[in-house]
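Okay, structure first, notes after.
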Amino acid sequence: GRQPVETRWYREADREAAYEQLRSQLRAGRQAYVICPRVEGGEEAEARAAVEEAERLRRGPFAAFRVGLAHGAQHGDEKRAAMSAFAAGETHVLVATTVVEVGIDVANATVMLIEDADRFGLAQLHQLRGRVGRGEHPGLCVLFAEPATEDGQRRLEAITQTHDGFRLAELDLELRGEGAVLGVRQAG
């Protein structure tokens, strides 16, 4: 029952056009995820944070829709309630961190919007986009990013060009390395 998922990479200049695509899906009765790499911002935060983004979207681009929030720093009951409301269709847009990466199946969710997508690895991007296109309608994965590195740009180009998880894992290993069992190196 899976439907195809189209993946598109947008830069900041095209944000409003991407938002209109998302609003079009919401007006058609479907739902969307908005994924942020951080829970909360702060003065030195360089990436979008879920808490602030949910509030910004509620007041601005998605003011006509119900916007929920789920992240790993919430109490379990609060997080479960947000996810249950989304699954029940009570919430149109769920702003979240990667807590929705696995184990959530909402057939009506057709859009996955990922902020600062260049901060995620290919395997994680592939897993996130797998949350949409699970019902009768095709999915759309929108990646917002202004990659600062060539590797970041290569990851975004790769995720828009293939749905082959094995190929993406190989490329992720090639770009990020295998990491380290001991020590503080986090990539890989």
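In terms of this note's numbering, the sequence shown has 90 at position 53, counting the first letter as 1, and numbering is strictly consecutive. For every residue, glycine included, the Cβ atom is placed at its ideal position computed from N, Cα and C.
Residue i, DSSP secondary structure in three states
i: residue 103; result: coil
i: residue 147; result: strand
i: residue 189; result: helix
i: residue 65; result: coil
i: residue 85; result: coil
i: residue 156; result: helix
i: residue 213; result: helix
i: residue 45; result: strand
i: residue 127; result: coil
i: residue 96; result: helix
i: residue 140; result: coil
i: residue 202; result: helix
i: residue 60; result: helix
i: residue 171; result: coil
Residue i, enclosing alpha helix (DSSP H) - first and last residue
i: residue 39; result: Run containing residue 39: none; DSSP gives neither H nor E here.
i: residue 77; result: Note, residue 77: premise wrong, no alpha helix (DSSP H); not H, not E.
i: residue 117; result: 113–124
Opening and closing residue of the beta strand (DSSP E) in which residue i lies
i: residue 72; result: 68–72
i: residue 176; result: 176–181
Straight-line Cα distance separating residue j from residue i
i: residue 148; j: residue 60; result: 10 Å
i: residue 112; j: residue 119; result: 11 Å
i: residue 168; j: residue 146; result: 8 Å
i: residue 214; j: residue 135; result: 22 Å
i: residue 100; j: residue 107; result: 18 Å
i: residue 183; j: residue 70; result: 20 Å
i: residue 154; j: residue 115; result: 26 Å
i: residue 122; j: residue 128; result: 6 Å
i: residue 174; j: residue 41; result: 8 Å
i: residue 62; j: residue 212; result: 34 Å
i: residue 102; j: residue 199; result: 32 Å
i: residue 141; j: residue 72; result: 14 Å
Bridge partners - residue i, DSSP secondary structure assignment
i: residue 133; result: 72 and 107
Residue-chain proximity (residue i, chain D), Cβ-Cβ < 8 Å
i: residue 59; result: Absent from the structure is chain D; it holds one protein chain and no more.
Under 8 Å: do the segment 157–175 and the segment 196–213 share three or more Cβ pairs, one atom per stretch? The segment 157–175, when compared against the segment 196–213, does touch it at the 8 Å Cβ threshold.
Is it a yes or a no for the segment 45–52 touching the segment 179–195, going by three-plus beta-carbon pairs under 8 Å? Under the three-pair Cβ rule at 8 Å, the segment 45–52 counts as touching the segment 179–195.
Three Cβ pairs or more, each shorter than 8 Å: is that satisfied between the segment 70–78 and the segment 182–202? no
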